[in-house]
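Take the sequence shown: its letter number 36 is residue 36 in the UniProt record's numbering, and every next letter is one higher.
Ideal Cβ positions, reconstructed from N, Cα and C, are used throughout, including at glycine.
On a predicted model such as this, the values are computed, not experimentally measured, just so you know.
To keep things clear, I will list the structure first and then write my remarks on it.
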Amino acid sequence: MKILLTSIGTRGDIEPFVAIGEILNKEGHEVAYSFPEQFKSLITDKSNYHPLSEKAIELIESKDGRIVMGKASLFHKLRALFRLYIKSLQVNRILMQQQYEIVEYENPDLIIHNVKCIYPFLWGLKHAKQTILVSPVPYFIYYVSGHSHIGFNKNFGSLINSLTYKLSNFGLIKTINVSQKYLPQDQKFSKTEIKNTLFQKKLIYTISPSIFQRPDNWPENVQVLGYHERDKMNDWTPNLTILEFLSKYPKVLFLTFGSMVNSHSEENSELIYALLVRLEIPTIINTAAGGLIKIRKYATTEHLHFVEHIPYNWILSRVYAVIHHGGSGTTHLALKYACPTLIIPHIIDQFGWNKLVHKLGVGPKGISINKLSAKRLKPLICDLLQNKKYKRKVDDISFKMRNEHYEERLSRFIFNN
Numbered sequence: 001m002k003i004l005l006t007s008i009g010t011r012g013d014i015e016p017f018v019a020i021g022e023i024l025n026k027e028g029h030e031v032a033y034s035f036p037e038q039f040k041s042l043i044t045d046k047s048n049y050h051p052l053s054e055k056a057i058e059l060i061e062s063k064d065g066r067i068v069m070g071k072a073s074l075f076h077k078l079r080a081l082f083r084l085y086i087k088s089l090q091v092n093r094i095l096m097q098q099q100y101e102i103v104e105y106e107n108p109d110l111i112i113h114n115v116k117c118i119y120p121f122l123w124g125l126k127h128a129k130q131t132i133l134v135s136p137v138p139y140f141i142y143y144v145s146g147h148s149h150i151g152f153n154k155n156f157g158s159l160i161n162s163l164t165y166k167l168s169n170f171g172l173i174k175t176i177n178v179s180q181k182y183l184p185q186d187q188k189f190s191k192t193e194i195k196n197t198l199f200q201k202k203l204i205y206t207i208s209p210s211i212f213q214r215p216d217n218w219p220e221n222v223q224v225l226g227y228h229e230r231d232k233m234n235d236w237t238p239n240l241t242i243l244e245f246l247s248k249y250p251k252v253l254f255l256t257f258g259s260m261v262n263s264h265s266e267e268n269s270e271l272i273y274a275l276l277v278r279l280e281i282p283t284i285i286n287t288a289a290g291g292l293i294k295i296r297k298y299a300t301t302e303h304l305h306f307v308e309h310i311p312y313n314w315i316l317s318r319v320y321a322v323i324h325h326g327g328s329g330t331t332h333l334a335l336k337y338a339c340p341t342l343i344i345p346h347i348i349d350q351f352g353w354n355k356l357v358h359k360l361g362v363g364p365k366g367i368s369i370n371k372l373s374a375k376r377l378k379p380l381i382c383d384l385l386q387n388k389k390y391k392r393k394v395d396d397i398s399f400k401m402r403n404e405h406y407e408e409r410l411s412r413f414i415f416n417n
């Protein structure tokens, strides 16, 4: 079968699709990918790759994007959001047209996509072909008792919680409907047709059932089918310096903000590093996309070691605990490798993971990047490293996750009608 996997977003939005593609490739299917240009390096096989415009990621990494994800007043954030919205209108038009052209070129039998890729919804309607939606985050489209939609991240009570899902789904249906005007041919499906298709199509949550269990009242076309880890050790070997650092200390902390950026990266980095040095906590710091930066005066500090990138499966299996931004992939890997976890959320779904990690008992409830201060952060770090309950609980979850093998179930769900 010829399958197109397409996703728009940050690295955390792309990784699940590459993992699914690798599974399908091994089964002999013809796989093609389409992601923003920045993620081409994630495709390590010879599958067809169709780059989407870089502009979506450039918006996230722009000055306004950093304001939205960093420390700023509500007024400045709203103003930045408005500017991003205006700029995104043209970007969405470009992406919609690119998706149309790529699908027309590939003519796949099946499209697997995320919610930010709008054209597959309409393609499935037009050609009466199957499309499958994939989400790496919970609390999305289908109601979960005790939780509002991931975009709201508060428990308002069952009535208001359920309304947040209806409101978000209404917005999604409207977006799909309006996006039809960007297509190069006359095509017009009604909101009712779009809504019916949305709730009939298969939805895969790429989440470990050890940390999020599927509600019994969900329809059969919606399944939680595990987190699928990719081997990221391709052509990477640790240098002697990091091996010596790890061997020197019995209890090392790992700090990363992954693909997150913010408008106060130097200020936030200074605050965190100063605290870690004062507490004499040996820490490996992954500067990655620039949410954390390497500050010269800390570069030679005994207890801090800086890296620009590092395979998470390698480092997380060698450290005691982790502080991170709360991305779905990083959260899963931290728990799979038995690391007590503290999340400093930056945007939307990360606040949901922060609450879930705390609810699972594998770490303290973290604080928003907007409210970061030494006074708030110090007791959380101390609790993370000293509370043995977190380690016992995460060891239990890690054991369960390491024994999850959902590849066959994932494949059966994709291909069984």
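| query | result |
| --- | --- |
| Pair within 8 Å by beta-carbon distance, ILE111 and THR6 | yes |
| Candidates LEU52, ILE207, ILE272, LYS195, of which the one nearest GLU404 by Cα | ILE207 |
| Nearest-angstrom Cα separation, counted from TYR390 out to residue 418 | For the chain, the structure presents residues 1 to 417; residue 418 sits outside this window and is missing. |
| Cutoff 6 Å; reference PHE121; Cβ partners in own chain excluding five residues on either side | ILE176 |
| Residue 436, enclosing alpha helix (DSSP H) - first and last residue | Nothing can be reported for residue 436, as the shown portion of the chain is limited to 1 through 417. |
| Endpoints, the beta strand (DSSP E) within which ILE111 is located | 110 to 113 |
| Limits of the alpha helix (DSSP H) - the one that THR300 falls within | That residue, THR300, is in no alpha helix (DSSP H); it is neither H nor E in DSSP. |
| Close-in-space but distant-in-sequence residues of the same chain around SER168 (CB under 7 Å, 5 per side omitted) | HIS149, GLY151 |
| Alpha carbon of residue 432 to alpha carbon of ASN262, nearest angstrom | In the structure as shown, the chain begins at 1 and stops at 417. Residue 432 is therefore absent and cannot be evaluated. |
| Cutoff 7 Å; reference GLN350; Cβ partners in own chain excluding five residues on either side | HIS325, GLY326, GLY327, ILE343 |
| Cβ-based burial, ARG412 [other Cβ within 10 Å; buried from 16] | exposed |
| Buried versus exposed call for THR300 [16 or more other C-beta atoms within 10 Å across all chains shown] | exposed |
| contact_flag[the stretch 270 to 277, the stretch 373 to 385] where n(CB pairs < 8 Å) is 3 or more | yes |
| Classification of THR283 by the beta-carbon crowding that lies within 10 angstroms, buried from 16 upward | buried |
| Where ILE280 sits in the DSSP three-state scheme | Before going further, note that residue 280 is Glu rather than Ile in the sequence given. In this structure, GLU280 counts as coil in the three-state DSSP scheme. |
| Any 3 or more C-beta pairs closer than 8 Å across the stretch 210 to 220 and the stretch 232 to 239 | no |
| Cβ-Cβ separation, ASN155 to GLU229 (assumed contact under 8 Å), whole Å | That pair is no contact at about 31 Å. |
| Burial state of LYS336, where buried means 16 or more other Cβ atoms lie within 10 Å | buried |
| Chain-order list of residues whose beta-carbon lies under 7 Å from that of ARG318 (same chain, five-residue window excluded) | LEU246 |
| Test item: CB-CB of residue 420 and GLY363 under 8 Å | In the structure as shown, the chain starts at 1 and stops at 417, and residue 420 therefore has no counterpart that could be examined. |
| Per DSSP, cross-strand counterpart(s) of TYR182 | BP columns for TYR182 are empty, so no partner. |
| Under 8 Å between C-beta atoms of GLY352 and ASN25 | no |
| Simplified DSSP assignment, three categories, for LEU385 | helix |
| Residue interval of the beta strand (DSSP E) (run including LYS2) | 2 to 6 |
| Euclidean distance between Cα positions of GLU267 and TYR320 | 26 Å |
| Ordered list of alpha helix (DSSP H) runs contained in the stretch 174 to 253, each at least 4 residues | 191 to 200, 240 to 248 |
| Cα-Cα separation between GLY366 and HIS358, rounded to whole angstroms | 8 Å |
| Sub-8 Å separation of LEU4 and PRO136 beta-carbons | no |
| For ASN416, three-class secondary structure by DSSP | coil |
| Reference LEU163, options LEU240, LYS201, TYR143, ILE293, closest by Cα | TYR143 |
| Supposed contact pair LEU95 and GLU193 - C-beta distance, whole angstroms, cut 8 Å | Actually they are not in contact, since the Cβ atoms of GLU193 and LEU95 sit about 22 Å apart, beyond 8 Å. |
| Counterpart residues of SER135 in DSSP-defined beta bridges | TYR205 |
| Sequence ranges, beta strand (DSSP E) only - wholly within the stretch 338 to 408, length at least 3 | 341 to 343 |
| Given LEU133 as reference, the closest of LEU279, LYS55, CYS117 once Cα atoms are compared | CYS117 |
| C-beta atoms of ILE211 and LEU356 nearer than 8 Å | yes |
| Straight-line gap, GLU244 to GLN180 (C-alpha atoms, nearest Å) | 57 Å |
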